[in-house]
Structures are given as C-alpha cells and as structure tokens.
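Trainee: What follows is a structure written as structure tokens; I'll ask about it next.
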Amino acid sequence: MNTLNNHFFAERISHDVAGIRISAIKEMAILSAGMGNVASLTWGLPSFETPEYIRKGVIQRLQQDPDIGKYTLPDGLKDLREIVAKQHSAETGIAVDADDQVMITAGNMQGLNTLFQIITNPGDEIILTDPCFASHIQQIRLCACSPRFWPLDEARHWDLDIERLPELINAKTKAIVIVTPSNPTGKIFRKDELIRLGEIARQHKLMILIDNPYHHFTYENKDLYYNLASNQDFFDHIIYCFSFSKSYAMSGWRLGYMVLPDHLKEQSLKVHDANMICAPRISQVAGIIALKEKSNHIAEFEAVLSKRRELICQRLAEVPHVFEYHKPEGAYYVFPKIVADHTNAYDFSIRLLNEAKVALTPGSAFGPSGEHHVRMAYCVPEDVINLAFDRIQAYFK
Ligand SMILES: Cc1ncc(COP(=O)(O)O)c(C=O)c1O
Numbered sequence: 129m130n131t132l133n134n135h136f137f138a139e140r141i142s143h144d145v146a147g148i149r150i151s152a153i154k155e156m157a158i159l160s161a162g163m164g165n166v167a168s169l170t171w172g173l174p175s176f177e178t179p180e181y182i183r184k185g186v187i188q189r190l191q192q193d194p195d196i197g198k199y200t201l202p203d204g205l206k207d208l209r210e211i212v213a214k215q216h217s218a219e220t221g222i223a224v225d226a227d228d229q230v231m232i233t234a235g236n237m238q239g240l241n242t243l244f245q246i247i248t249n250p251g252d253e254i255i256l257t258d259p260c261f262a263s264h265i266q267q268i269r270l271c272a273c274s275p276r277f278w279p280l281d282e283a284r285h286w287d288l289d290i291e292r293l294p295e296l297i298n299a300k301t302k303a304i305v306i307v308t309p310s311n312p313t314g315k316i317f318r319k320d321e322l323i324r325l326g327e328i329a330r331q332h333k334l335m336i337l338i339d340n341p342y343h344h345f346t347y348e349n350k351d352l353y354y355n356l357a358s359n360q361d362f363f364d365h366i367i368y369c370f371s372f373s374k375s376y377a378m379s380g381w382r383l384g385y386m387v388l389p390d391h392l393k394e395q396s397l398k399v400h401d402a403n404m405i406c407a408p409r410i411s412q413v414a415g416i417i418a419l420k421e422k423s424n425h426i427a428e429f430e431a432v433l434s435k436r437r438e439l440i441c442q443r444l445a446e447v448p449h450v451f452e453y454h455k456p457e458g459a460y461y462v463f464p465k466i467v468a469d470h471t472n473a474y475d476f477s478i479r480l481l482n483e484a485k486v487a488l489t490p491g492s493a494f495g496p497s498g499e500h501h502v503r504m505a506y507c508v509p510e511d512v513i514n515l516a517f518d519r520i521q522a523y524f525k
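Quick note: the sequence shown uses the working numbering, first residue 129, plus one each step.
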C-alpha cells in the first residue's frame, strides 16, 4: 500500500485504538515466533493440554447433540449457569441466582470488557494496581477512560498499600480491579487489606472487579488466599470473574463466568447481545463437563507448577548479578528486578531477545512501577526454563 493510502486510512482510525499498543507480552511473543529457537518465558500460556475428560466429553456431545452448533442466549446455557452458581456458593459461601446473577463470558478479558463498557463513560478512571495485568490498561484506554495507577509496595514484596488508595479516588473513579494471586508479581493479597479495600470501595460507591484466573495456584500458601467475593458485606460492589483458561487449560476455548449484582447482569445482557451474542456454545458445553465431573487435574497442574517455581527460583539465585527476586506466592509468574547494567526494561528485554534468544516481558508493560523489572512466566516446561537461564548465564558471564 502506498503512503498516500496509508495516510488516508490512518486518519480514519479511532484515536483510542491508535493511542494504544499491543501488549508487550504479545509483542515479545510475536517477535520471538518470528525468530525461531527462542527460549520464551514471556507468555502466561500454560503448557498443559485441556484435560482428557473434557475433550472426550465434548467429542461425545459433538456427535450426539443436534444443538451443539447453535447460539445460546446472551448469558449462556442455563445448565452451565446453574453449575457455576453451585460452584460459586461452595467456594465462597454466598448463594447466587443462576438466572439473575451469573453471566457466561468468552473468558475474563471479554467479561471485563463488558464491565468496562457498562460502568464507564469517556473520561472516567479505573484504579489498577501498579504493577497490574498489562491488558487491563489497554482495555480501559479503549473505552476512552484512564487507568489510575495504585503503586504496590515493593518493599513488602508488592503488597497492597491501602493508605494510598483513598487519595486516588475522585468523582470520575468507577472501579478498582484486583487480581490475586497477582499477575505479574505472584503476590497473594492479604485478607485484612482486601477487607479494607472493600470498605473504601463501599464508602466511595465504587465497584470492585475481581479478575481471577489463578486462585488454584497458591502452592504452600493456600491459607494466605482470601476471596473478597466470599464477603457478603460487599456483595453489591463486587463482580467476580473466573476464567477456565488456566485451571482447566482451556485458554483457546475462550470461556469464563461472572457473578454480579442483578442490575449489572441486566446491563451485561445488552452488551453481550450487541457485541458477540454469546460465548461459543461448544466451549460452554466443555465448561459444563469441566465443572460437573470430578477430576484431580488442578492438583496435578499445581504440583508441576510448584516444581517449575522451585526451579526458576533456583536458577534466579544463580544470577544475582543480573536479577534480584522474591519467591512468588502464587500464580505462575516471577517479577525480578534487573540489577545488570541496563537503561530500561524494554531495551533490556529486546537486547536479551536479539542477542541471547531469551524472551522475557519488560516490567514497564505492567505499569510505571514495573520499570526496571521483567516478568517471567514459569508455566512452560522445565527444559525451556533451563535453556533460558543457561543462555542468560552465558550472556552475562
Ligand atoms: C489477570 C489476567 N486476566 C485475564 C487473563 C485472560 O483471561 P481469559 O483467557 O479468561 O480471557 C489473564 C491471562 O493471562 C490474566 O493473567
């Protein structure tokens, strides 16, 4: 295409879209896919296969269910919503209504997108922990809103800094997004801090969006995990989003659910209907099988991840001249500080990719506090972790 045409089309691109970049996670993944033979710790895509009982169950349904290829209603199959309601009350002790308070989504990204569309007007602000999950920043900007960064306390291993929260709230603030265990730091936020967060949100009439892909991966720290959605006091303020992507190794199926107050569910029906009609029915069927049948795959995934966590920490400990790290408490990320000579995390990551064939995600992608850090995803096989660190060791000899 010639420059004249490019210019012509560039003028027709929305400012919100033109103003964002693809997340650095995907940028690094795309760059490394183009290079070949890269040891990649960049993408939080687990190496696990979707468990066999789910795949087999879907094959059977594909053969026997004449409706398998059809739309569902915008909030998803009733069977799935009912199992979700049961699952949610078993996990949180809070009873929810499958019809009025459960929404099936095409994954947490799509669920959050729906929520941002529902609760914001252009110019509004959403509070994100800093560092936060990179894509939340872009989602908010795509709604012509601004992320308001809430710096986490690095000295306390990226814990919530509740004292700083009230000063970030103003008339435009609509919600706070929470991910625990955290992506990118692996921190599990503590119960007392989360309850204080709930109280502040209630006082200022803010929503709390809990984006929860990782609560099954808390290793020896199970007791630290607290689900704020299990607190009835905050029910009207909380939207709980669960993703099948990680615990069920179903990232490509695009499936999740939201538990939300009735009046928001009503609004979300309109947004789903207008944007995508419904989550793919075949994935919803897979979700029913996933939740209905007993399986110990989550414990197995966690055991494998636990070994990978030990390995990556051991390998990080061997390069104290390159990285300083804290052992992550949950999820499958570690967020070390770069202590080797560098200018910024982005240039450091690009240099490592081009010169050592190791892909990491620059910490600056996760918010300003992430500068001078990198995120490493240890959901990949041990030989990939070892290869990445062999190369890092050789490069920084
Ligand atoms: C915090 C967080 N939210 C959402 C997602 C994506 O979830 P889903 O696949 O359900 O859209 C991820 C994936 O890495 C994530 O880490």
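A virtual CB, placed ideally from N, CA and C, is assigned to each residue, including glycine.
Computed from a prediction, not measured in an experiment: that's the story for all the values here.
1. Could you tell me if the beta carbon of Gly-495 falls within a distance shorter than 7 Å of some heavy atom in ligand 1?
2. Which residue's Cα is closest to the Cα of Arg-292: Glu-321, Ala-414, Glu-499, Arg-330?
3. Just to check my reading of the structure: Asp-207 and Ile-416 have Cβ atoms closer than 8 Å, yes? What is that Cβ distance to the nearest angstrom?
4. Looking only at its chain, what residues have a beta carbon closer than 6 Å to the beta carbon of Arg-209, apart from the 5 residues adjacent to it on each side?
5. Terminal residues of the continuous beta strand (DSSP E) containing Lys-276?
6. With the cut-off set at 8 Å, would you say Gly-326 and His-285 are in Cβ contact?
7. At the level of alpha carbons, what is the spacing between Pro-275 and His-332?
8. Taking C-alpha atoms, which residue in Lys-214, Asn-236, Glu-295, Thr-170 lies nearest to Phe-370?
9. With the cut-off set at 8 Å, would you say Ala-234 and Leu-383 are in Cβ contact?
10. Who are the near neighbours of His-344 in its chain, counting only those whose CB is closer than 7 Å to its CB and skipping five residues on each side?
11. So what does DSSP say about Gly-185, is it helix, strand or coil?
12. Assess contact between the region 477-486 and the region 138-151, defined as three or more Cβ pairs (one per stretch) separated by less than 8 Å. Is contact present?
13. Closest by CA to Ile-247, which one among Cys-271, Tyr-354, Asp-361, Phe-261?
14. Looking at Gly-458 and Pro-259, is the spacing between their C-beta atoms short of 8 Å?
15. Please list, in chain order, all residues of the same chain as Gln-192 whose beta carbon is under 7 Å from its beta carbon, the five residues on each side excluded.
16. With DSSP collapsed to three states, give me the class of Tyr-474.
Mentor: The structure says:
1. no
2. Ranking Glu-321, Ala-414, Glu-499, Arg-330 by Cα distance to Arg-292 puts Glu-321 first.
3. About 5 Å separates the CB atoms of Asp-207 and Ile-416; that is less than 8 Å, so the two are in contact.
4. Ala-226, Val-230
5. Reading the sequence as shown, one finds Arg at residue 276 and not Lys. Element bounds for Arg-276: 274-279.
6. no
7. 17 Å
8. Asn-236
9. In this structure, Ala-234 places its C-beta atom within 8 Å of the C-beta atom of Leu-383.
10. Ser-375, Ile-426, Glu-430
11. Note: Gly-185 maps to helix in three-state DSSP.
12. no
13. Cys-271
14. no
15. none
16. helix
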